[in-house]
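Numbering (mature numbering (1 follows the signal peptide of the UniProt record, and there is no 0)), first residue to last: -31 to -1, 1 to 168.
In what follows, a structure is listed as structure tokens, so that the remarks can point back to it.
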Ligand SMILES: *[C@@H]1O[C@H](CO)[C@@H](O)[C@H](O)[C@H]1NC(C)=O
Ligand SMILES: *[C@@H]1O[C@H](CO)[C@@H](O)[C@H](O)[C@H]1NC(C)=O
């Protein structure tokens, strides 16, 4: 009876071990994870940095590639129908895509730090749309491109200036108020001392 029981236990333990092994081995090799800011607002004529980073268990090599694409949100735009490649990075070199972006995009990431950010300067209204950041880090090639919705808004230098001037004026007024009240308090104290001295 006893030996039989221990055999059953041993068999069960073995089975559990096998199951664990099978689960660990069969676990799909981790895919590449790509991250970008979901939504970014930029004023026309200014510099925008499209941030993008990735995570991968594989080492970064010269085979690692980055593809930045753009799809416009305006139906009358030439890049409306599908995402168009605007920048490609591979083998340590960057290659601009569409002419529209050629002079305005610059790779500012550091592939070894898994940063593949792109600078767009100056941003213009036609850049309103979605930017896709895709990274392949062979053999890690299965990942979903990260996307950033870029909203290009009117640069309102006038109202911003007013806001700054208003803020500075308010701060100055507050300082004057504090100084005046300090003077009043000191004078009151002084007067009281005079009375006390006269008594
Ligand atoms: C932003 O767009 C407005 C309207 O088209 C234009 O007047 C202004 O000059 C632009 N600003 C820059 C910095 O390009
Ligand atoms: C940018 O796109 C958004 C929605 O996709 C739209 O509401 C906005 O008017 C667009 N801006 C310009 C300047 O085209």
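Glycine included, C-beta positions come from ideal geometry on N, C-alpha and C.
Give the DSSP-derived three-state secondary structure of residue 120 in the structure shown. In the three-state scheme derived from DSSP, where H, G and I count as helix and E and B as strand, residue 120 is classed as strand.
Just verifying my parser: in three-state terms, what is the DSSP assignment at residue 150? If DSSP states are grouped into helix, strand and coil, residue 150 belongs with the helices.
Nearest to residue 14 by alpha carbon, out of 80, 150, 147 and 123? Ranking the options by Cα distance to residue 14, first place goes to 123.
Cβ-Cβ distance between residue 100 and residue 116 below 8 Å: Cβ distance < 8 Å, so residue 100 and residue 116 count as in contact.
Between 63, 50, 81 and 6, which lies nearest to residue 28 when the distance is taken from Cα to Cα? A check of alpha carbon separations from residue 28 across 63, 50, 81 and 6 identifies 81 as the nearest.
Other residues of its chain near residue 22: CB distance less than 6 Å, five sequence neighbours each side excluded: These residues qualify, in order along the chain: 4, 83 and 84.
Is there at least one non-hydrogen atom of ligand 1 closer than 7 Å to the beta-carbon of residue 124? For ligand 1, a non-hydrogen atom lies closer than 7 Å to the CB of residue 124.
In whole angstroms, give me the CA-to-CA distance for residue 112 and residue 90. Annotation: residue 112 to residue 90 spans about 28 Å, alpha carbon to alpha carbon.
Report the three-state DSSP secondary structure of residue 140 (helix, strand or coil). Here residue 140 sits in helix by DSSP.
Taking Cβ positions, are residue 65 and residue 58 nearer each other than 8 Å? Contact: no.
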